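So the sequence shown is numbered by our numbering: it starts at 99 and just counts up by one.
For every residue, glycine included, the Cβ atom is placed at its ideal position computed from N, Cα and C.
Computed from a predicted model, the values in this text were never measured in an experiment.
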Amino acid sequence: RGLNGAGKTSILEAIAIAGLSKSFMPVGDSQILRRDKSEYSITLKSKNDLNIPYFVNIKYSNKTGKTISNNTKDRLLPKDIVGELPVVVLSPDSKEITYGSPSERRSFLDKILSQSYRSYFANWIKLKKILNHRSSLLSKYAKDSSIGLGQYDILTDMLIDVSAEIVMKRYEFIDSFSGIFEEVYADISEGKEKVELQYKAFSVSDTSSIESIKEQIDERAEKCKNDELKRGTNLFGPQRDNLNIMINGGIARDYASQGQHKSLIAAIKFAELRFMKEILNETPVLLLDDIFSELDQNRIEKVLSLVRKYDTQTFITVNNATFLEYFSTNEEYKLFEVIGGEVSECTQ
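Written out as structure tokens, the structure is:
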């Protein structure tokens, strides 16, 4: 617990960075530094469900950038640690998954899939690099059409291949995740509403095989070629896909009430926790950042009942300790107070 600005969220950010290699907030490393600081250092020690120790150290400096190391190796890359400490975050910003733009829902897909499958994370990184190179080339060509297009064709083929892999994995994920999401939402809403997830891949309708997906993306790439060269930008790929969250037959972003949005987010996050636990055979750490100020009493009780059900280590930030009324005296928890960035354990 602690007042606003005391540093509570920074603790959760440190845990998230140790698991995700970056903050769960939509900011860069330089933006999470205190105004009078130019670097940060995070050291995390933990044990997994098999009681095997895990250690990671992450340092960032405005001058030298980010370095990652663990008990066996220095100079690690994000792909080496993502998924080692699975993390699920529920915060006020999570509402962007249902309220926000398609990019927010794509980000949700990418984060959960990157933690669950190393191959997906590798393809996602590859996609970003190809898109950046291709965007730069297209921008130059739009200004000077005399430059050669040999590299454009190579990058296009690479984009088609990695796009097909990502689209296929997203469809497979939604196929297995939807049932979990619907079940968790039924727990929260007491079965009063029907929810559904619909993944809409740009220009892909037949998802029966990776070959079919690749063929459809290839066709789209050919149709887009002239427009891409004229406009100087990427016009196809999974960075243009969308995930529709449906409630009672309508798109949640347009039709859900404020209360339904909150229930949907809670259901998505606990479904995320359950999915990763099943895939990784490891219980994720749950970070609940200031959600008690966002939820009514009924939804707080529902969230805490899910925390108990999935038996996961949970870190909760609050402004005061009134939330303790939701815990019984025989439940195991510790209360800490954060004042000016300093943390101390409370005797309650």
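Rounded C-alpha distance that separates residue i from residue j
i	j	result
E380	S108	25 Å
D285	V125	33 Å
R318	D208	23 Å
N396	E288	12 Å
M256	S237	18 Å
E202	R372	21 Å
L131	T162	14 Å
V282	G335	31 Å
L225	R268	14 Å
V187	L333	32 Å
L101	V436	8 Å
D409	G105	26 Å
Y353	E291	13 Å
K143	P151	7 Å
V293	K321	35 Å
I414	D388	7 Å
E440	L433	14 Å
Limits of the beta strand (DSSP E) - the one that residue i falls within
i	result
T165	163-168
S199	Element bounds for S199: n/a, residue is neither H nor E.
Q296	293-298
Other residues of its chain near residue i: CB distance less than 6 Å, five sequence neighbours each side excluded
i	result
V383	V185, Q411
V416	R99, F390
G181	Q213
Residue span of the alpha helix (DSSP H) that contains residue i, given as start and end
i	result
E280	248-287
E370	356-378
E528	Past the edges of the chain, shown from 99 to 446, lies residue 528, and the structure says nothing about it.
Cβ neighbours of residue i in the same chain (closer than 7 Å, five flanking residues each side left out)
i	result
A369	F275, I278, F279, V282
R338	F300
Beta-carbon proximity list for residue i, same chain, < 8 Å, skipping 5 on both sides
i	result
L175	I166
Y239	I245, L247, Y250, L327, G330
I377	S214, Y215
A220	K177
Cross-strand partners of residue i (DSSP beta bridge)
i	result
F153	K143
L385	V187, F413
E137	S159
S426	Per DSSP, none; premise fails for S426.
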